[in-house]
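Chemist: Just so you know, the protein sequences line up as chains A and B, in that order. 1 is the number of the first residue of the first sequence in the numbering used here; add one for each residue after it. 1001 is the number of the first residue of the second sequence in the numbering used here; add one for each residue after it. No residue lacks a Cβ here, since even glycine has one placed at the ideal position from N, Cα and C.
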Amino acid sequence: MASLRPVALAKTRLVPLAEPWTSLVPGGGLRRGSTVTVHARPGLGGLSVALSLLGEASAQGHWVAVVGVDDPGVVAMSDLGVDLRRVLFVPRPRGAWAEATADLLDGVDIVVLRPPSRCSHGAARKLMDRVRERGTVLIALTEPSAAWPLPVDLTLHLTASRWTMSSRLDARYVTLRVGGRGEAARRGEHVVMLPDVRGRAVAR
Amino acid sequence: MERLLALWLEPLCEERPDGSTLHDHLRLLDALASLCPFVEPVRLGLCVLPLRGPSRFFGGDEAVFAAVRALVRDVLDLDVSLGVGEGLFCAELAARQGVVVPAGASTQFRRQQPLAALGHKELTTTGKRLGLYRVGDFADLDPARVAERFSATVRVLHRVARGEIAELPGQRDTRLGARLRGARGEDAVGEEQTGFFGQRSAGDERAQAAAHRVRHRLGPDGVVVARLRGGRVPEDRATLTPWGSPVKELRDDAPWPGRLVGPSPITSLHQPVAVELRDASNEVVRMGARGSLSAAPTSLLLLRGSRRAISWFAGPWPQVERWWAAPRRRAHLQILLDGGEAMLLCAEAGRWWLVGIYD
């Protein structure tokens, strides 16, 4: 029995991702206790990237939370594979966003946070400590005017975004530079179709 | 109201003692999930799915019916009775009778049903004495008079008859989901997924406790949950309700893409923001009476004063009016700004609204 334990632990140390993210992210999943930033200019697809990362986990029974996203497009989330039954939204946390995020880090497996105001060193430090302590995952959605103040484990930097159109918007290609600590440091650039014509995230 | 495709499988209505009935349902539901992710087991022998999505995907209602029939035959070696109607009450009756009620005709269909369709013996006999033979006859009674004469149960049935409630009380077996979950557990030992059919796990409890704390911190509306309502075909079906409150009926007052195909915006404005569109000569772009634009829009003015150039647009797509709601004229337009941001606008009440951002 004892020999089985490490295997189980290794597996549960990752919160699951689906394609196309499994091949982009070191280890193929979100490591528990890690902080991820999704960095993008507003309106170019950063929110879709961050919420898409919740899809597989929620579908596999993990609870997730979304803090500071005022008007989540839940239809689009559902198309991205997010199981809405296990998503807690805190759309307008106002001044208490850091506290609300900390509360949620105790109870769910992934929190997506779009800080409504600039995140201070101290607040970021506290949240990242809590993430490590609780073995959860924090995905911070940041933009050029308000970068995350500390280095994190994994960064997805959206460097380009291009729509394809027919008689309507069909799909968008987003280019992501993957970086971070350790193995994540040299992951290079990837292009992901997000959303595709059916609203999903797929590898190009 | 959503058009539902109901599958009526009479041989599965009676539960066999060996547990095979539940397993048959699981096999059927798993197979149907390949056609539509929103299949719902209602009771033993009855399940429903929203028709619109699959119909769009398969290229028509008939194609969906054919696919479902073939699938049921493959999986269970049974002939299924299919029916389509708006709301669960009509959908089940339609399936038992094997009829497809055309879109918008469900009121008429419901009214033509014998009073016994409401499934209340006393009401049926009393109704006969009063000369009420059809659901429509009963529906026409003044609610105040019904309230005087009848019990609370019958008052609810009256609302069903009038189309105010889409399903009969007790039409759904609320324990079926949990029972199917249990049956699935026997099949898939060690499968960790929980909560799919409403069962609660330790993870669920933990999340609920966290939600409690946040609500305590931020107030009753601090934490919200999202649902896709009714038939749960995406468009028109999103609703956000405070966590812990009973799920409210969807209010039909926010502009929302109704017939838009392709990806949905990941930001969907709860309260649409008024915007202006201007053409190349800085004239205001309006929706014409015949569903076309007065000119091609070249810039977007947010009323805060900022102005953005539009590099491309598509639409407008006029909204098809829906029979159950007060007529609303709406049209949606997709625009792409020169910075690469895509947005969804809606024209209503003589002006443009920003309703979605494809962030």
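Strictly by DSSP, which residues pair up with Ala203(A)?
Modeler: Val192(A)
Chemist: Please identify, using Cβ separations under 7 Å, the residues of the region 107-136 of chain A that lie next to chain B, in order along the chain.
Modeler: Gly107 and Val108
Chemist: Which residues in the same chain have their Cβ closer than 7 Å to the Cβ of Trp1324(B), if we skip the five residues on either side of it in sequence?
Modeler: Because Trp1324(B) carries a pLDDT of 42, less than 50, the predicted location of this residue cannot be relied on, and no value is offered for it.
Chemist: Give the interface partners of Ala76(A) over in chain E, defined as CB-CB distance under 7 Å, in chain order.
Modeler: No chain E is present in this structure, whose protein chains are A and B.
Chemist: Closest to Val69(A) by C-alpha separation, out of Trp63(A), Leu113(A) and Pro151(A), would be which residue?
Modeler: Leu113(A)
Chemist: Should Val1146(B) go down as buried or exposed, given a rule of 16 or more other Cβ atoms within 10 Å for buried?
Modeler: buried
Chemist: Ordered along the chain, which non-local residues of its own chain (more than five positions away) have a Cβ less than 7 Å from that of Thr224(A)?
Modeler: Within the shown structure, residues of chain A are numbered from 1 to 204, placing residue 224(A) beyond reach of any answer.
Chemist: Can you grab the Cα-Cα spacing for the pair Arg1175(B) / Ser52(A), in whole Å?
Modeler: 32 Å
Chemist: Could you pull the start and end residues of the beta strand (DSSP E) that Gln1271(B) belongs to?
Modeler: Looking at the DSSP string, the run of the beta strand (DSSP E) that includes Gln1271(B) is Thr1267 to Arg1278.
Chemist: Val36(A) and Val64(A) look like a contact to me (Cβ under 8 Å); what is the Cβ gap, rounded to whole Å?
Modeler: Not really, about 13 Å apart at Cβ, beyond 8 Å.
Chemist: Would you say Arg1330(B) faces chain A, with C-beta separation under 8 Å as the test?
Modeler: no
Chemist: Please list the segments of the beta strand (DSSP E) lying wholly inside the region 83-160 of chain A, counting only runs of 3 or more residues, in order along the chain.
Modeler: 87-90, 110-113 and 137-142
Chemist: So, is Cys1013(B) buried or exposed, given that buried needs 16 or more other C-beta atoms within 10 angstroms?
Modeler: exposed
Chemist: Where does Leu1354(B) sit, in a helix, a strand or coil, going by DSSP?
Modeler: strand
Chemist: Assess contact between the region 178-196 of chain A and the region 1010-1026 of chain B, defined as three or more Cβ pairs (one per stretch) separated by less than 8 Å. Is contact present?
Modeler: no
Chemist: Going straight from the alpha carbon of Trp148(A) to that of Cys119(A), what length do you get?
Modeler: 7 Å
Chemist: Less than 7 Å between C-beta atoms, sequence neighbours within five positions excluded: which residues of the same chain meet that for Gly1045(B)?
Modeler: Trp1008, Leu1009, Glu1010, Leu1012 and Cys1013
Chemist: Return the CA-CA distance between Pro1102(B) and Gly1085(B), expressed in angstroms with no decimal places.
Modeler: 7 Å
Chemist: State the Cα-Cα distance for the pair Arg31(A) and Lys1121(B), rounded to the nearest angstrom.
Modeler: 60 Å
Chemist: Hey, quick one: how far does the alpha helix (DSSP H) through Phe1138(B) stretch, first residue to last?
Modeler: Per DSSP, the continuous alpha helix (DSSP H) segment holding Phe1138(B) begins and ends at Val1135 to Ala1139.
Chemist: Give the range of the beta strand (DSSP E) segment to which Phe1313(B) is assigned.
Modeler: Arg1307 to Pro1318
Chemist: Quick one: Cα of Ala160(A) to Cα of Glu1341(B), how far?
Modeler: So the alpha carbons of these two residues sit roughly 11 Å apart.
Chemist: Is Thr166(A) helix, strand or coil when you go by DSSP?
Modeler: The sequence given here has Ser at residue 166(A), not Thr. DSSP places Ser166(A) in coil when its eight states are reduced to three.
Chemist: Our contact map puts Gly55(A) next to Leu80(A) with C-beta atoms below 8 Å; I'd like the distance itself, whole angstroms only.
Modeler: By a beta-carbon distance limit of 8 Å, Gly55(A) contacts Leu80(A). Their separation comes to about 5 Å.
Chemist: Counting only Cβ pairs nearer than 9 Å, list the residues of chain B close to Val36(A).
Modeler: Chain B residues near Val36(A): none, gap ~17 Å exceeds 9 Å.
Chemist: Take the Cβ of Asp103(A) as the centre, count every other Cβ of all protein chains shown within 10 Å, and call the residue buried at 16 or more, exposed below.
Modeler: Buried: at least 16 other Cβ atoms inside 10 Å.
Chemist: Assuming contact is defined by CB atoms lying nearer than 8 Å, are Gly1291(B) and Pro1316(B) in contact in what I supplied?
Modeler: yes
Chemist: Within the continuous alpha helix (DSSP H) that includes Met77(A), where are the two ends?
Modeler: Val74 to Asp79
Chemist: Is it right to say Glu1148(B) is buried, meaning 16 or more other beta carbons lie within 10 angstroms of its own, or is it exposed?
Modeler: exposed
Chemist: Cβ of Arg168(A) less than 8 Å from any chain B Cβ?
Modeler: yes
Chemist: Smallest Cα separation from Ala203(A): which of Val15(A), Leu14(A), Pro20(A) and Pro16(A)?
Modeler: Pro20(A)
Chemist: What are the boundary residues of the alpha helix (DSSP H) that includes Gln1208(B)?
Modeler: Ala1202 to Leu1218
Chemist: Using a Cβ-Cβ cut-off of 8 Å, state whether Ala147(A) counts as contacting chain B.
Modeler: By the rule that beta-carbons nearer than 8 Å mark a contact, Ala147(A) does not touch chain B.
Chemist: Can you pull the chain B residues whose beta carbon is under 7 Å from the beta carbon of Ala100(A), in chain order?
Modeler: Val1214, Arg1217 and Leu1218
Chemist: Consult DSSP for Val1099(B) and reduce its assignment to one of helix, strand or coil.
Modeler: coil
Chemist: Closer than 6 Å by C-beta to Ala1295(B): which residues in its own chain qualify, once you throw out the five before and the five after it? Chain order, please.
Modeler: These residues qualify, in order along the chain: Asp1279 and Val1285.
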